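Chemist: Using our numbering, you'd call the opening residue of the sequence shown number 347 and step up by one each time. Ideal placement from N, C-alpha and C gives every residue a C-beta, glycine not left out. None of the values given here were measured: they were computed from a predicted structure.
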Amino acid sequence: MIDTMTEPDLSRTLRVLGDETRLRIVELLATEELTVTELASVLALPQPRVSAHVGQLKEVLPFTERRAGRRSYLGLDLAAPRLVGLMNWIRAEGAESGLREADRVALRRVLAERDRSRGPKETAGLGSDELPGRSWEGFARALLTLVPPLRVADVGVGEGDMTLLFARFARQVVAVDLDPAALEGLQLKARRSGLTNLECRKGSIEALPLPNDAFDLVVLSQLLHLLDDPGPGLRECARVLAPGGRLLVFELARHAETWVQDRFQHRRLGFQADALSALLRDVGLERVTTSPVSRGRRSPHFVTLLATGHKPESPEGIES
């Protein structure tokens, strides 16, 4: 965030962002990954000039770069702490600018041209991770065959796809959710799939209807940002883990999309990686790691973090 920068860093960043063209570039790259050629087309500027502006921005802002064949797509690392507050300021600066609306129109044109120039497999609507044999589920299934059958608790089941995937390989899966409709839908899918090792229980993360030390793996997917205080729920997850068991937490990285609070009742705008790790350590888990595992392909390009932690083999250190 802006208030976490040192004074020289802030001064330099604001000086670079004092140029209208560079502000427009930042807004565009916060919306969509683009090549320099595409940026030049949107901005109606010579490509060398755009490249020079991008070079200056790279000195003060965290960029991402993704290769796709011969193309190199630039983006902004929206999970970086300094960008969270900075993007709010940038958007406020450009709110009254007619140029920004023109940029949005030009961006739609450029993206339409990109779609027309793609090969058959892409114009069919399939991204590289969705092609037959290359889906996330295919990779997940392959990886799950390498681990021994586990006792799994899935807390907050959502659509239930991950729960069902675990059930195909686990010894036992217990799904916990507050929504009876979600549990009923999951049970129906399990019966249709012939899965008999899946049990559904109604309950909240703050008071899990599960015994102590019972599970080798507890999974939380996109749940903590819905809670006012993640601490009690994480303590419950640590309680039901068997000694040596692992907690997996999938969560949104810190972002600046405040509209999710009204539309989806999010209590917080994601987590910084170090803060998420600290939450797991606070409930006594050890060997904690947190890292980004995916970035949304479409705006606003939400980043997903994966945090993991192990319950100690001895009960010492686990917060009750």
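1. Ala386 and Leu422 - do their beta-carbons sit closer together than 8 Å?
2. Three or more beta-carbon pairs under 8 Å between the segment 558-567 and the segment 539-550, yes or no?
3. With C-beta atoms as the reference, is His612 less than 8 Å away from Leu572?
4. Hey, would you say Gly587 sits closer than 8 Å to Gly502, going by beta carbons?
5. Who are the Cβ neighbours of Ala452 in its own chain at under 6 Å, not counting the five residues just before and after it?
6. Could you check what DSSP says for Ala470 in three-state terms: helix, strand or coil?
7. Report yes if the C-beta distance between Val595 and Val498 is below 8 Å; otherwise report no.
8. Assuming Lys657 is part of the beta strand (DSSP E), what are its boundary residues?
9. Measuring straight from C-alpha to C-alpha, what distance separates Arg446 and Asp365?
10. Run through the DSSP bridge pairs and tell me what Pro582 is partnered with.
11. Using the C-alpha atoms, what's the distance from Arg454 back to Asn543?
12. Less than 8 Å separating the beta-carbons of His656 and Gly549?
13. May I ask you to list the residues that DSSP assigns as paired with Thr635?
14. Mind checking who Ala410 pairs with in its DSSP beta bridge?
15. If you reduce the DSSP assignment to three classes, tell me which class Val503 lands in.
16. By how many angstroms is the C-alpha of Arg585 removed from the C-alpha of Ile551?
17. Report the three-state DSSP secondary structure of Arg460 (helix, strand or coil).
18. Among the residues of its own chain, which have a CB less than 7 Å from the CB of Glu379, if the five just before and after it don't count?
19. Assign Gly415 to one of two classes, buried (16 or more other C-beta atoms within 10 Å of its C-beta) or exposed (fewer than that).
20. Below 7 Å CB to CB, which residues in the same chain sit around Gln533 once its five sequence neighbours on both sides are set aside?
Modeler: Let's see:
1. Their beta carbons are not under 8 Å apart, which means Leu422 does not touch Ala386 by this criterion.
2. Output reads no: the segment 539-550 does not touch the segment 558-567.
3. Yes, the pair counts as a contact, with Cβ atoms nearer than the cut-off.
4. For the sequence presented, residue 587 should be read as Leu rather than Gly. With contacts defined by Cβ atoms closer than 8 Å, Leu587 and Gly502 do not form a contacting pair.
5. Only Val388 meet the Cβ criterion.
6. Bear in mind that the predicted position of Ala470 carries a pLDDT of just 36, short of 50, making it unreliable; the figure below should be weighed with that in mind. If DSSP states are grouped into helix, strand and coil, Ala470 belongs with coil.
7. For Val595 and Val498, no; Cβs fall outside 8 Å.
8. Where Lys657 is concerned, there is no enclosing beta strand (DSSP E), given that its DSSP letter is neither H nor E.
9. A straight line joining the alpha-carbon of Arg446 with that of Asp365 spans about 14 Å.
10. Sequence check: residue 582 is Glu here, not Pro. Residue pairing by DSSP places Glu582 opposite no residue, since no beta bridge is assigned to it.
11. Using only the alpha carbons, I get a separation of about 48 Å.
12. It is not a contact, given that the beta carbons lie outside the stated cut-off.
13. Beta-bridge pairing by DSSP links Thr635 to Thr654.
14. Before going on, a small fix: residue 410 reads as Thr here, not Ala. In the DSSP assignment, Thr410 is bridged to Gly421.
15. Coil at Val503, not helix or strand.
16. Distance between the alpha carbons of Ile551 and Arg585: 11 Å.
17. Arg460: helix per DSSP, three-state reduction.
18. Hits under 7 Å: Arg412, Tyr419, Leu420, Gly421.
19. Counting the other CB atoms within 10 Å of its CB gives Gly415 a total below 16, which places it among the exposed residues.
20. Shown here for Gln533: same chain residues with a beta carbon closer than 7 Å to its own, the five before and five after excluded, namely Cys546 in chain order.
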